[in-house]
Amino acid sequence: MALTLTDVKRVAQLARIAIDDTEAHATHAQLSGIFKLIEQMQAVDVSAITPMSHAQDVVQRLRDDKVTETNQREHLQAAAPQVEGGLYLVPKVIE
Numbered sequence: 474m475a476l477t478l479t480d481v482k483r484v485a486q487l488a489r490i491a492i493d494d495t496e497a498h499a500t501h502a503q504l505s506g507i508f509k510l511i512e513q514m515q516a517v518d519v520s521a522i523t524p525m526s527h528a529q530d531v532v533q534r535l536r537d538d539k540v541t542e543t544n545q546r547e548h549l550q551a552a553a554p555q556v557e558g559g560l561y562l563v564p565k566v567i568e
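Here the numbering used here is used: position 86 in the sequence shown is 559, and no number is missing along the way.
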């Protein structure tokens, strides 16, 4: 991607950053270097590389997914003013 000095000044203006010509030239040089690095990285063939979710081959220890508590629905809903089919009934608040 070709970046011009006008582009740098426009981005600085949009970001509300005061920038003079010397800073604009320095920023242009730095951004051009970054874009060249990105182009080099995009040129690398990575089609044979398997994507990874983590840099290290780690496995998280997980517990078995099993029920550890008894069903207390009736006990907890006993104090509710209105219950139907195991669900709490509440007043309508939105028309």
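We treat Cβ as the ideally placed atom computed from N, Cα and C, and that holds for glycine.
What you are looking at is a predicted structure, and each value in this text was computed from that prediction instead of being measured.
Measure the alpha-carbon distance for Pro554 versus Tyr561 and round it to whole angstroms. 8 Å
Here's a check: name, in chain order, each residue in its chain whose Cβ is nearer than 6 Å to the Cβ of Ala485, leaving out the five neighbours to either side. Excluding residues within five positions, the ones whose Cβ falls inside 6 Å are Ile492.
Assuming His498 contacts Leu478 (C-beta within less than 8 Å), just tell me the rounded distance between them. 7 Å
Is Val481 closer than 8 Å to His501 when the C-beta atoms are compared? A contact, by the Cβ cut-off of 8 Å.
Which one or two residues does DSSP pair with Val549 in a beta bridge? The amino acid at residue 549 is misidentified as Val; the sequence shows Leu. DSSP, once it has assigned bridges, lists no residue as partnering Leu549.
Specify the secondary structure class of Val481 as computed by DSSP and reduced to three states. helix
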